[in-house]
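Chemist: Chains A, B, C and D, in that order, are what the protein sequence lines are.
Each step along the first sequence adds one to the number in our numbering, with nothing skipped, and position 60 is 60.
Each step along the second sequence adds one to the number in our numbering, with nothing skipped, and position 81 is 182.
Each step along the third sequence adds one to the number in our numbering, with nothing skipped, and position 3 is 205.
Each step along the fourth sequence adds one to the number in our numbering, with nothing skipped, and position 85 is 388.
4 protein chains.
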Amino acid sequence: MGAFSAGELRSAVGELDGWSIGENDIAITRQFRFADFTTAFAFMTAVALKAEAMNHHPEWSNVYSKVDVRLTSHDAGAVTDRDLTLARFMNGVASRLSAQA
Amino acid sequence: MGAFSAGELRSAVGELDGWSIGENDIAITRQFRFADFTTAFAFMTAVALKAEAMNHHPEWSNVYSKVDVRLTSHDAGAVTDRDLTLARFMNGVASRLSAQA
Amino acid sequence: MGAFSAGELRSAVGELDGWSIGENDIAITRQFRFADFTTAFAFMTAVALKAEAMNHHPEWSNVYSKVDVRLTSHDAGAVTDRDLTLARFMNGVASRLSAQA
Amino acid sequence: MGAFSAGELRSAVGELDGWSIGENDIAITRQFRFADFTTAFAFMTAVALKAEAMNHHPEWSNVYSKVDVRLTSHDAGAVTDRDLTLARFMNGVASRLSAQA
């Protein structure tokens, strides 16, 4: 539940395809690109269900087929396991939605 | 735009993985199965966007990870190109969402 | 958590606008009607988020602007508090979405 | 279809509750606030369906219960009727979702 040391965070995020550490280690970010708006919004819907179930919500923006995400744990003022769990979930859904049919 | 002959319909639906012709040829149906409710609802959201853009909507039911769909063109009282287009779209999204990440 | 007595169930459902008890008291059902498909699907999305967060999911079908819902607690083989909680949530969202703007 | 004169734009946006003109008149913006994430995402879903049907999509970000929207017509490099139509749609949905149940 707790925050990570700088080394632990680098190691954990290093295994998360596409994610970067920003802002003095208090958040992680990634841009997702999809084929079109419909696919981007299907991704957002899957993430919304997961986020609500976790009670841990992303900061995100969407322009057509792109979704920019920032994850942080406000209560900890840091990146925590919850952010990594949500990031991993996002990568899984995005990977499937971007696959060739 | 028009309805198909019985032979044309059989041929067209034969190329649509998982779909069946029912009810004296006036509708086509398919059951989709996903890993969980979240994936099923992401599928439904992508389909909802497409359906609204086509102004051609499915009849569908959902129980957890399963989605049962019936497509018909009420104005034609038959299966038309619009049903086949929406069925193809559904198959594409479902195929991607069911792919191994 | 437990199931209700027949009298308790009647009393509880009697306070839930639009819901009926069916099938030997093992489920409750309601039909929701909205202005159009978009409003119906916005309703379904709000309910999907709540359902996933509760890990308690509806059986439901949608045809254009109508959503038919059946709620039961499969593990209990009966109607439980979880069904009433989800039914109340649905009524709240539907009431707001049907309000005059 | 075309862009508005500065006076026409001011007049049109003046009738749109909550919207502001920004950036040399090339975009309009509004922040929507809802009761919670679920309501915010139901709003976004209704808007997503409308946007896809119009083939005119918002630039938007979401943090929990807030949704920030920027509308512009990229092809025109200006605010057009399509932006006003989508803004009016958003206001209608938001008004209903924020109503007391």
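Here a beta-carbon is modelled for each residue, glycine too, at the ideal position from N, C-alpha and C.
Chain C beta carbons: is any one of them nearer than 8 angstroms to that of Thr-39/A?
Modeler: no
Chemist: Between which residues of its own chain and Phe-236/C is the CB-CB distance below 7 angstroms, once the five residues before and five after are set aside?
Modeler: Once the five neighbours on either side are set aside, the close Cβ partners of Phe-236/C are Ala-242, Phe-245, Ser-267, Leu-299 and Ser-300.
Chemist: Can the beta-carbon of Leu-120/B be found less than 8 angstroms from the beta-carbon of Ala-188/B?
Modeler: One detail in the question is off: residue 120/B reads as Trp in this sequence, not Leu. In contact: Trp-120/B and Ala-188/B (Cβ atoms closer than 8 angstroms).
Chemist: Quick check: Leu-49/A and Ala-250/C, are their CB atoms within less than 8 angstroms of each other?
Modeler: yes
Chemist: Report the three-state DSSP secondary structure of Glu-16/A (helix, strand or coil).
Modeler: A small correction: the amino acid at residue 16/A is Leu; Glu does not occupy that position in the sequence shown. In this structure, Leu-16/A counts as coil in the three-state DSSP scheme.
Chemist: Can you confirm whether Val-351/D, when its beta carbon is compared against all beta carbons of chain A, has any partner nearer than 8 angstroms?
Modeler: Checking the sequence, you will find Ala at residue 351/D rather than Val. Yes, Ala-351/D lies at the interface with chain A (some Cβ there is under 8 angstroms from its Cβ).
Chemist: Between Ala-303/C and chain A, is there a C-beta pair that is closer than 8 angstroms?
Modeler: At Ala-303/C, the pLDDT of 44 sits below 50, so the modelled position is not reliable; the number obtained from the coordinates is stated separately. It does not: the Cβ of Ala-303/C has no partner Cβ on chain A nearer than 8 angstroms.
Chemist: Are any of the Cβ atoms in chain D nearer than 8 angstroms to that of Thr-186/B?
Modeler: no
Chemist: With a threshold of 8 angstroms, are at least 3 pairs of Cβ atoms found where one atom belongs to the region 361-376 of chain D and the other to the region 56-63 of chain A?
Modeler: yes
Chemist: Determine the chain D residues that contact Val-154/B at a beta-carbon separation under 9 angstroms, and present them in chain order.
Modeler: Note that residue 154/B corresponds to Ala in the displayed sequence, not to Val. Residues of chain D passing the Cβ test: Leu-352, Glu-355, Ala-356, Met-357 and Asn-358.
Chemist: Helix, strand or coil for Thr-130/B? Go by DSSP, reduced to three states.
Modeler: Three-state DSSP puts Thr-130/B in a strand.
Chemist: Scan the region 163-182 of chain B for residues whose Cβ lies nearer than 7 angstroms to a Cβ of chain C and list them as they occur along the chain.
Modeler: Under the 7 angstroms Cβ criterion, the region 163-182 of chain B contributes Asn-163, Val-164 and Tyr-165.
Chemist: Consult DSSP for Asn-264/C and reduce its assignment to one of helix, strand or coil.
Modeler: strand
Chemist: From what residue to what residue does the alpha helix (DSSP H) around Phe-138/B run?
Modeler: 138-155
Chemist: Comparing C-alpha positions only, which one of Gly-193/B, Ser-174/B, Thr-130/B and Met-191/B sits nearest to Phe-105/B?
Modeler: Ser-174/B
Chemist: Taking the alpha carbon of Asp-36/A as the reference point, which residue from Ile-129/B, Leu-110/B, Ala-147/B and Thr-130/B has its own alpha carbon closest?
Modeler: The candidate whose alpha carbon is nearest that of Asp-36/A is Ala-147/B.
Chemist: What residue does the alpha helix (DSSP H) around Asn-394/D start on, and which one ends it?
Modeler: From DSSP, the alpha helix (DSSP H) with Asn-394/D extends over 384-401.
Chemist: For Gly-279/C, does the three-state DSSP call read helix, strand or coil?
Modeler: coil
Chemist: For Asp-270/C, which of Ala-229/C, Arg-212/C and Glu-217/C has the nearest alpha-carbon?
Modeler: Ala-229/C
Chemist: Which whole-angstrom value is the C-beta distance of Val-295/C and Leu-211/C, which I expect to be below 8 angstroms?
Modeler: Not really, about 23 angstroms apart at Cβ, beyond 8 angstroms.
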